[in-house]
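Residues in the sequence shown are numbered consecutively from 1, following the UniProt record's numbering.
Note that beta-carbon positions come from the ideal geometry of N, C-alpha and C, so glycine has one too.
A quick note: this is a predicted structure, and the numbers were derived from the prediction, not measured.
The structure under discussion appears below in the form of C-alpha coordinates.
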Amino acid sequence: MQEDLKIAAEALQSREQLTQFLRTIEPFIYQTAYYMTGKKMDAEDVTQDCLWKVCRSLNQYQGQGSLRGWIHRVVVNTVREQARKKKAQFVEFDDSLQSDDLSVEKQVEMKMTEENLHQAIAALPVNYREVLVLRHIQDLSYQEIAETLDLTEAQVKTRLFRGREKLRTLFYGGEEA
1 MQEDLKIAAE
11 ALQSREQLTQ
21 FLRTIEPFIY
31 QTAYYMTGKK
41 MDAEDVTQDC
51 LWKVCRSLNQ
61 YQGQGSLRGW
71 IHRVVVNTVR
81 EQARKKKAQF
91 VEFDDSLQSD
101 DLSVEKQVEM
111 KMTEENLHQA
121 IAALPVNYRE
131 VLVLRHIQDL
141 SYQEIAETLD
151 LTEAQVKTRL
161 FRGREKLRTL
171 FYGGEEA
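Structure below.
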(Lines of atoms letter the chains of each structure in order from A and count residues from 1; the text may use other names and numbers.)
(Lines give C-alpha, C1' and ligand atoms only; values in the text may rest on other atoms or scores of the structure.)
Protein backbone atom coordinates (compact mmCIF):
# COMPACT_ATOMS: atom_id res chain seq x y z
CA MET A 1 0.00 0.00 0.00
CA GLN A 2 2.94 2.33 0.59
CA GLU A 3 3.92 1.78 -3.04
CA ASP A 4 0.40 2.76 -4.15
CA LEU A 5 0.56 5.94 -2.08
CA LYS A 6 3.94 6.72 -3.60
CA ILE A 7 2.56 6.23 -7.13
CA ALA A 8 -0.41 8.49 -6.35
CA ALA A 9 1.82 11.14 -4.77
CA GLU A 10 4.24 11.10 -7.71
CA ALA A 11 1.34 11.50 -10.15
CA LEU A 12 0.33 14.65 -8.31
CA GLN A 13 3.82 16.21 -8.52
CA SER A 14 3.37 17.73 -11.96
CA ARG A 15 0.99 17.92 -14.87
CA GLU A 16 3.31 15.73 -16.96
CA GLN A 17 3.44 12.99 -14.31
CA LEU A 18 -0.34 13.11 -13.89
CA THR A 19 -0.79 12.88 -17.66
CA GLN A 20 1.57 9.89 -17.79
CA PHE A 21 -0.26 8.21 -14.90
CA LEU A 22 -3.63 8.71 -16.62
CA ARG A 23 -2.24 7.33 -19.91
CA THR A 24 -0.99 4.30 -18.01
CA ILE A 25 -4.35 3.50 -16.41
CA GLU A 26 -6.55 4.39 -19.40
CA PRO A 27 -6.36 0.96 -21.14
CA PHE A 28 -7.09 -0.77 -17.84
CA ILE A 29 -10.15 1.45 -17.27
CA TYR A 30 -11.36 1.04 -20.85
CA GLN A 31 -11.11 -2.75 -20.76
CA THR A 32 -13.10 -2.98 -17.55
CA ALA A 33 -15.68 -0.50 -18.82
CA TYR A 34 -15.99 -2.30 -22.16
CA TYR A 35 -16.64 -5.70 -20.62
CA MET A 36 -19.13 -4.24 -18.18
CA THR A 37 -21.07 -2.06 -20.66
CA GLY A 38 -20.66 -4.09 -23.81
CA LYS A 39 -20.49 -1.07 -26.09
CA LYS A 40 -17.45 0.78 -27.40
CA MET A 41 -19.07 4.19 -27.16
CA ASP A 42 -20.33 3.58 -23.63
CA ALA A 43 -16.91 2.27 -22.61
CA GLU A 44 -15.26 5.36 -24.09
CA ASP A 45 -17.69 7.61 -22.20
CA VAL A 46 -17.10 5.71 -18.96
CA THR A 47 -13.34 5.84 -19.51
CA GLN A 48 -13.41 9.61 -19.95
CA ASP A 49 -15.63 10.04 -16.88
CA CYS A 50 -13.37 7.78 -14.83
CA LEU A 51 -10.19 9.52 -15.90
CA TRP A 52 -11.74 12.83 -14.88
CA LYS A 53 -12.90 11.39 -11.54
CA VAL A 54 -9.49 9.83 -10.84
CA CYS A 55 -7.77 13.09 -11.76
CA ARG A 56 -10.04 15.10 -9.44
CA SER A 57 -9.90 12.74 -6.49
CA LEU A 58 -6.45 11.12 -6.64
CA ASN A 59 -5.30 13.42 -3.84
CA GLN A 60 -8.02 11.89 -1.64
CA TYR A 61 -6.68 8.34 -2.07
CA GLN A 62 -5.60 7.34 1.44
CA GLY A 63 -4.04 3.96 0.75
CA GLN A 64 -7.09 2.06 2.01
CA GLY A 65 -6.78 -1.03 -0.18
CA SER A 66 -4.84 -1.15 -3.43
CA LEU A 67 -4.75 1.72 -5.90
CA ARG A 68 -5.92 -0.74 -8.56
CA GLY A 69 -8.91 -1.65 -6.40
CA TRP A 70 -9.69 2.02 -5.81
CA ILE A 71 -9.65 2.65 -9.57
CA HIS A 72 -11.86 -0.41 -10.13
CA ARG A 73 -14.36 1.02 -7.65
CA VAL A 74 -14.43 4.27 -9.63
CA VAL A 75 -15.07 2.31 -12.85
CA VAL A 76 -17.76 0.06 -11.36
CA ASN A 77 -19.57 2.99 -9.77
CA THR A 78 -19.44 4.96 -13.02
CA VAL A 79 -20.76 1.99 -15.02
CA ARG A 80 -23.57 1.52 -12.49
CA GLU A 81 -24.39 5.20 -12.69
CA GLN A 82 -24.52 5.02 -16.49
CA ALA A 83 -26.63 1.83 -16.40
CA ARG A 84 -29.15 3.51 -14.14
CA LYS A 85 -29.37 6.33 -16.63
CA LYS A 86 -29.62 4.14 -19.72
CA LYS A 87 -31.06 0.92 -18.27
CA ALA A 88 -28.63 -0.99 -20.49
CA GLN A 89 -27.56 -4.36 -19.13
CA PHE A 90 -25.65 -6.43 -21.66
CA VAL A 91 -22.13 -7.31 -22.67
CA GLU A 92 -20.57 -8.01 -26.05
CA PHE A 93 -16.99 -9.00 -26.73
CA ASP A 94 -14.84 -7.73 -29.56
CA ASP A 95 -14.19 -9.75 -32.68
CA SER A 96 -10.87 -11.35 -31.89
CA LEU A 97 -11.15 -14.73 -33.55
CA GLN A 98 -9.24 -13.99 -36.75
CA SER A 99 -6.50 -16.51 -37.33
CA ASP A 100 -4.89 -17.68 -40.53
CA ASP A 101 -4.24 -21.08 -38.93
CA LEU A 102 -7.94 -21.96 -38.56
CA SER A 103 -10.23 -23.18 -41.29
CA VAL A 104 -13.22 -21.06 -42.22
CA GLU A 105 -15.54 -23.71 -40.75
CA LYS A 106 -13.67 -23.66 -37.44
CA GLN A 107 -13.74 -19.84 -37.36
CA VAL A 108 -17.50 -19.85 -37.99
CA GLU A 109 -18.01 -22.44 -35.26
CA MET A 110 -15.91 -20.42 -32.82
CA LYS A 111 -17.79 -17.23 -33.73
CA MET A 112 -21.14 -18.94 -33.11
CA THR A 113 -19.89 -20.21 -29.75
CA GLU A 114 -18.69 -16.72 -28.86
CA GLU A 115 -22.06 -15.22 -29.84
CA ASN A 116 -23.88 -17.80 -27.71
CA LEU A 117 -21.60 -16.92 -24.81
CA HIS A 118 -22.34 -13.21 -25.33
CA GLN A 119 -26.05 -13.89 -25.23
CA ALA A 120 -25.71 -15.96 -22.07
CA ILE A 121 -23.63 -13.27 -20.36
CA ALA A 122 -26.07 -10.58 -21.48
CA ALA A 123 -28.91 -12.55 -19.88
CA LEU A 124 -27.18 -12.69 -16.49
CA PRO A 125 -28.36 -10.35 -13.75
CA VAL A 126 -25.93 -7.45 -13.38
CA ASN A 127 -24.79 -8.51 -9.89
CA TYR A 128 -23.52 -11.84 -11.29
CA ARG A 129 -22.08 -10.24 -14.42
CA GLU A 130 -20.06 -7.73 -12.37
CA VAL A 131 -18.29 -10.36 -10.28
CA LEU A 132 -17.68 -12.63 -13.28
CA VAL A 133 -16.10 -9.79 -15.29
CA LEU A 134 -13.96 -8.60 -12.39
CA ARG A 135 -12.80 -12.14 -11.58
CA HIS A 136 -12.35 -13.71 -15.01
CA ILE A 137 -11.70 -10.74 -17.29
CA GLN A 138 -9.85 -8.40 -14.91
CA ASP A 139 -8.36 -11.23 -12.83
CA LEU A 140 -9.06 -9.56 -9.48
CA SER A 141 -8.78 -11.47 -6.23
CA TYR A 142 -11.86 -12.15 -4.10
CA GLN A 143 -10.69 -9.49 -1.68
CA GLU A 144 -10.25 -6.89 -4.44
CA ILE A 145 -13.70 -7.65 -5.83
CA ALA A 146 -15.19 -7.38 -2.35
CA GLU A 147 -13.56 -3.99 -1.84
CA THR A 148 -14.60 -2.78 -5.29
CA LEU A 149 -18.25 -3.81 -4.93
CA ASP A 150 -18.50 -3.17 -1.18
CA LEU A 151 -19.28 -6.83 -0.42
CA THR A 152 -17.84 -9.47 1.85
CA GLU A 153 -15.58 -12.13 0.35
CA ALA A 154 -18.26 -14.70 1.15
CA GLN A 155 -20.80 -12.70 -0.86
CA VAL A 156 -18.36 -12.47 -3.77
CA LYS A 157 -17.77 -16.23 -3.74
CA THR A 158 -21.52 -16.88 -3.54
CA ARG A 159 -22.25 -14.55 -6.46
CA LEU A 160 -19.45 -16.12 -8.49
CA PHE A 161 -20.77 -19.61 -7.82
CA ARG A 162 -24.35 -18.65 -8.66
CA GLY A 163 -23.27 -16.61 -11.65
CA ARG A 164 -21.24 -19.50 -13.06
CA GLU A 165 -24.15 -21.86 -12.52
CA LYS A 166 -26.57 -19.50 -14.28
CA LEU A 167 -24.08 -18.95 -17.09
CA ARG A 168 -23.59 -22.69 -17.49
CA THR A 169 -27.37 -23.22 -17.58
CA LEU A 170 -27.87 -20.41 -20.09
CA PHE A 171 -24.98 -21.44 -22.30
CA TYR A 172 -25.67 -25.17 -22.38
CA GLY A 173 -29.32 -25.38 -21.42
CA GLY A 174 -30.76 -22.30 -23.09
CA GLU A 175 -32.87 -21.36 -20.08
CA GLU A 176 -33.24 -17.77 -18.92
CA ALA A 177 -31.54 -16.40 -15.84
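Reduced DSSP category for residue i - H, G, I as helix; E, B as strand; rest coil
i	result
residue 103	coil
residue 14	coil
residue 63	coil
residue 138	coil
Spatial distance of residue i from residue j (CA atoms)
i	j	result
residue 125	residue 19	36 Å
residue 117	residue 15	43 Å
residue 103	residue 74	42 Å
residue 34	residue 21	20 Å
residue 105	residue 168	25 Å
residue 29	residue 159	23 Å
residue 141	residue 147	10 Å
residue 32	residue 137	8 Å
residue 122	residue 63	35 Å
residue 153	residue 81	23 Å
residue 71	residue 26	10 Å
Run of the alpha helix (DSSP H) containing residue i, from where it starts to where it stops
i	result
residue 148	142-149
residue 161	153-168
residue 129	126-132
residue 57	40-57
Assigned exposure category for residue i - 16 Cβ within 10 Å defines buried
i	result
residue 6	exposed
residue 166	buried
residue 129	buried
residue 113	exposed
residue 56	exposed
residue 3	exposed
residue 163	buried
residue 60	exposed
residue 78	buried
residue 143	exposed
residue 120	buried
Does the count of Cβ pairs from the segment 39-52 and the segment 9-18 closer than 8 Å reach three? no
The segment 64-73 in contact with the segment 34-42 per 3-pair CB rule at 8 Å: no
State whether the segment 47-61 contacts the segment 117-137, with contact taken as three or more CB pairs (one from each stretch) at a distance under 8 Å. no
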